[in-house]
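*Asks:* Residue numbers (the numbering used here): 41 to 198. Got a structure for you, questions after.
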């Protein structure tokens, strides 16, 4: 796995990195017409939803980005992408994703952002990029890992 490490002092730095990744994704969209899957891993309050908000807004969403903690998924139709933001913290069994029609979320030109992806193991698509967010006192340490060729291409452009 190819990785890149970032030390981010505050929330604006986290949002800036999310925006940078979104811009890299936008720049490569014309040749990539498949699902892009990004896993977000970290403790409660580490910044997974904040990162997702920055990423989704940088892709062009103008409104609020709601946490999908209680709904499991919030979807955003953008000009070039359909973004599905999953928060699987409250998921009791990965099979619940099958019951909610997970396959309907996997069309081309789709981005899956999955918080707590381990709770959907075996049902969620494998990640192109895995983002681990850890506390570093009052700051955050992010490790972006590329797990596919497409993920490596995106990380190489960061």
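Backbone N, C-alpha and C define an ideal beta-carbon position, used for all residues, glycine too.
(1) Please classify residue 79: is it buried, with 16 or more other beta-carbons within 10 angstroms of its beta-carbon, or exposed?
(2) Reducing DSSP to helix, strand and coil, say where residue 155 ends up.
(3) Could you say which of 180, 121 and 111 lies nearest to residue 98 if we only look at CA atoms?
(4) Does the separation of the CB atoms of residue 154 and residue 160 fall below 8 angstroms?
(5) Output the residue ranges of the alpha helix (DSSP H) runs that lie fully inside the segment 81-111 and measure 4 residues or longer, sorted by chain position.
(6) So the alpha helix (DSSP H) residue 196 belongs to, where does it begin and stop?
(7) Quick check on the DSSP output: the beta strand (DSSP E) that includes residue 42 runs from which residue to which?
(8) Report buried or exposed for residue 52, applying the criterion of at least 16 other Cβ atoms within 10 angstroms of its Cβ.
(9) Does the segment 57-65 come within contact of the segment 95-114, defined as at least 3 CB pairs closer than 8 angstroms?
(10) Give me, in chain order, the residues of the same chain whose beta-carbon lies closer than 6 angstroms to that of residue 113; leave out the 5 immediate sequence neighbours on both sides.
*Replies:* Quick look at the numbers:
(1) buried
(2) strand
(3) 121
(4) yes
(5) 88-98
(6) 189-196
(7) 42-48
(8) exposed
(9) yes
(10) 124 and 126
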